[in-house]
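Take a look at the structure set out below.
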Amino acid sequence: MRYLPLTAADRQAMLAAIGVPSIDALFADVPKAARLDGLVDLPRAQGELEVERALAAMAGKNLVAGAVPSFIGAGVYRHHVPASVEHLIQRGEFLTSYTPYQPEISQGTLQMLFEFQTQIALLTGMEVANASMYDGATACAEAVMMANRVTQRKKAILSGGLHPHYREVTRTHARFVGFQAKLAEPDPEAREDLASQIDGATSCVVVQSPGAFGHLRDYSALAEACHKAGALLIVVVTEAVSLGAVKSPGAMGADIVAGEGQSLGNALNFGGPHLGLFATRERYVRQMPGRLVGETVDADGRRGWVLTLSTREQHIRREKATSNICTNSGLCALAASIHLALLGEAGFTRLAALNHAKAVALAERLAAVPGVSVMNDTFFNEFTLRLSKPSAGVVERLARKKILAGVPASRLYPGKPALKNLLLVAATETTTEADTSAFATALARVLS
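Residue numbers (the working numbering): 28 to 475.
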């Protein structure tokens with residue numbers, strides 16, 4: 028039996044109260060092409076055991092990244108997560124905690140978030156970081172809207188090296204919030220000149236390090252060009268482990284750093300949940316979205332923590348809010364913080380160096396395969412290959428050989444035929460010599 032808490036009369040009364048003739052009218056703003064015409068083709072009802080069996084059979088068709096050689100990256104990366112991370116976040120006081128609406132009695136949660144903020148500020152080279160956000164893509168959009176508020180301008184220039192998902196999320200926000208998002212063409216060779224596009228209406232320039240195609244660039248000169256024009260530089264980081272090896276965004280002169288923290292303490296989990304990172308200069312802190320935990324002392328002089336700033340619409344009047352981000356990825360932030368604490372500074376640096384070494388070994392091995400060329404002159408743990416055949420078909424054939432070969436650029440950039448032979452490939456500390464050898468051997472056969 029289906030459980031329906033409202034009767035037909037209840038629903039009619041509710042519709043009448045808001046002045047809407049039918050439930051369908053509530054979806055009038057959704058294009059018809061995006062709406063289902065009828066029921067989904069699923070069994071009408073099954074028992075719990077039958078559903079479990081059916082879903083298990085479906086799941087069994089997946090080729091799991093941890094079970095085969097995997098070189099998939101493109102914004103989400105497979106790293107080893109110590110068992111102690113999972114054990115500690117399962118503690119009841121962490122697993123069941125939520126937003127500290129009464130912060131004075133949530134000292135444990137606040138201390139954890141304070142430590143997380145400190146770690147992210149240190150990694151990004153910035154002065155202040157918030158208590159996490161949803162994910163990297165929405166953090167990027169929030170960074171642009173923050174730059175608009177700071178500069179009182181409404182045009183953002185988005186690099187062609189910015190992850191396409193981040194670009195699309197920002198463009199969606201631009202459409203509904205009311206600012207201009209100027210999207211540069213995809214830049215697989217890292218040749219774009221963003222400084223020449225800055226004008227008096229530009230609020231910010233958004234770049235990614237390492238870029239979506241894996242390139243590493245020093246954006247110090249671009250930061251100077253932005254500041255000279257009164258604009259801000261936003262640096263996006265999708266692979267947090269890279270911060271252990273490359274020049275930090277803060278050292279390049281970034282004004283805002285937005286990123287994805289999934290690589291720290293959070294497994295792939297079929298695409299989520301993820302962890303948004305956000306850091307900025309102290310002078311812009313009151314325009315920063317989300318929440319900021321600070322340190323203080325109580326009436327007896329004991330160390331304690333408070334919500335120093337809470338600019339979310341849940342806590343203050345909506346018209347004063349800097350963001351509509353209504354929660355944070357607190358458990359994911361805790362996992363990242365524990366992982367970083369276990370590694371320590373030296374361990375994190377060694378982890379980054381190992382990732383780079385694994386990627387260099389993979390690039391050298393694949394570059395020797397006929398029909399393959401590496402497009403990057405610099406990279407961290409991800410780079411772009413140009414194949415002699417369309418990469419989507421190559422990936423499908425290699426998947427049938429139990430090798431997850433990477434992400435075809437055509438999947439990220441549909442409708443761009445010039446990119447159809449490009450393949451994004453990533454290596455991490457989980458990549459073995461056997462994985463690399465199997466990939467190179469199988470790729471040579473598929474391309475022959």
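Idealized CB from N, CA, C, for every residue including glycine. All values reported here derive from a predicted model rather than from experimental measurement.
Quiz item: Going by beta carbon distance, what residues of the same chain come within less than 7 Å of L270, once the five residues before and after it are set aside?
Solution: In the sequence shown, counting from the first residue as 1, residue 270 sits at position 243. For L270, where only same-chain residues beyond five positions count, the Cβ hits under 7 Å are L150, T151, V264.
Self-check item: Beta-carbon gap between K428 and A469 smaller than 9 Å
Solution: The count along the sequence shown starts at 1 and reaches residue 428 at position 401. The count along the sequence shown starts at 1 and reaches residue 469 at position 442. It is a contact, given that the beta carbons lie within the stated cut-off.
Practice problem: Consult DSSP for L358 and reduce its assignment to one of helix, strand or coil. | Solution: Locating residue 358 in the sequence shown gives position 331, where the first residue counts as 1. The answer is helix: DSSP assigns L358 an H, G or I state.
Exercise. Buried or exposed for K88, please, with buried defined as at least 16 other CB atoms from any protein chain shown within 10 angstroms of its CB.
Key: Stepping through the sequence shown from its first residue, residue 88 is reached at position 61. Exposed is the call here.
Quiz prompt | Helix, strand or coil at R427 according to DSSP, with G and I counted as helix | solution = As a working note, residue 427 is residue 400 in the sequence shown. Note: R427 maps to helix in three-state DSSP.
Quiz item: Nearest to P388 by CA position, among F143, D462, V57, R198, is which residue?
Solution: Mapped onto the sequence shown, residue 388 falls at position 361. According to the sequence provided, residue 388 is Ala. The question's Pro does not apply to it. Minimum Cα distance to A388 is reached at D462.
Quiz prompt | Candidates A395, P435, R329, Q289: closest to L8 by CA position | solution = Residue 8 lies beyond the residue range present for the chain, which begins at 28 and ends at 475; the question has no answer from this structure.
Quiz item: Among the residues of its own chain, which have a CB less than 8 Å from the CB of V204, if the five just before and after it don't count?
Solution: By 1-based counting over the sequence shown, the position of residue 204 is 177. So the qualifying residues of the chain are M172.
Quiz item: By the 10 Å Cβ neighbour count, where 16 or more other Cβ atoms means buried, how is F466 classified, buried or exposed?
Solution: Locating residue 466 in the sequence shown gives position 439, counting from the first residue. Buried, since its Cβ has 16 or more Cβ neighbours within 10 Å.
Self-check item: Other residues of its chain near P48: CB distance less than 6 Å, five sequence neighbours each side excluded
Solution: Taking the sequence shown and counting its residues from 1, the one referred to as residue 48 is at position 21. Contacts found: none.
Self-check item: Closest residue to T416 among P435, E212, N403, F406 (Cα-Cα distance)
Solution: On the sequence shown, residue 416 is found 389 positions in, with the first residue counted as 1. One point to set straight first is that residue 416 is Lys, not Thr, in the sequence displayed. It is P435.
Quiz item: Hey, out of R180, N157, H106, whose CA is closest to G292's CA?
Solution: Start at 1 with the first residue of the sequence shown, and residue 292 comes out as number 265. With distances taken between Cα atoms, G292 lies closest to H106.
Exercise. Give the secondary structure of G277 by DSSP, where H, G and I count as helix, E and B as strand, and everything else as coil.
Key: Position 250 of the sequence shown, counting from 1, holds the residue named residue 277. DSSP places G277 in helix when its eight states are reduced to three.
Quiz item: Which partner residues of L304 appear in the DSSP bridge assignment?
Solution: In the sequence shown, counting from the first residue as 1, residue 304 sits at position 277. Its beta-bridge partners are G286.
Exercise. Would you be able to state if there are at least three C-beta pairs under 8 Å between the stretch 449-460 and the stretch 385-402?
Key: yes
Exercise. Check each candidate in I352, R62, P213 and name the one with the smallest Cα separation from Y440.
Key: Here residue 440 refers to the residue found at position 413 when the sequence shown is read from its first residue. Checked all of I352, R62, P213; the closest Cα to Y440 is P213.
Quiz item: What did DSSP end up calling L393 once you bin it into helix, strand or coil?
Solution: To locate residue 393, count along the sequence shown from 1; it is residue 366. Three-state DSSP puts L393 in a helix.
Quiz item: Closest Cβ-Cβ distance between D56 and chain C: below 9 Å?
Solution: The structure shown contains no chain C; it holds only a single protein chain.
Quiz item: Cα-Cα, which of T307, E251, R194, A158 is closest to I352?
Solution: Here residue 352 is taken as the residue at index 325 of the sequence shown, counted from 1. Here the closest residue by C-alpha is A158.
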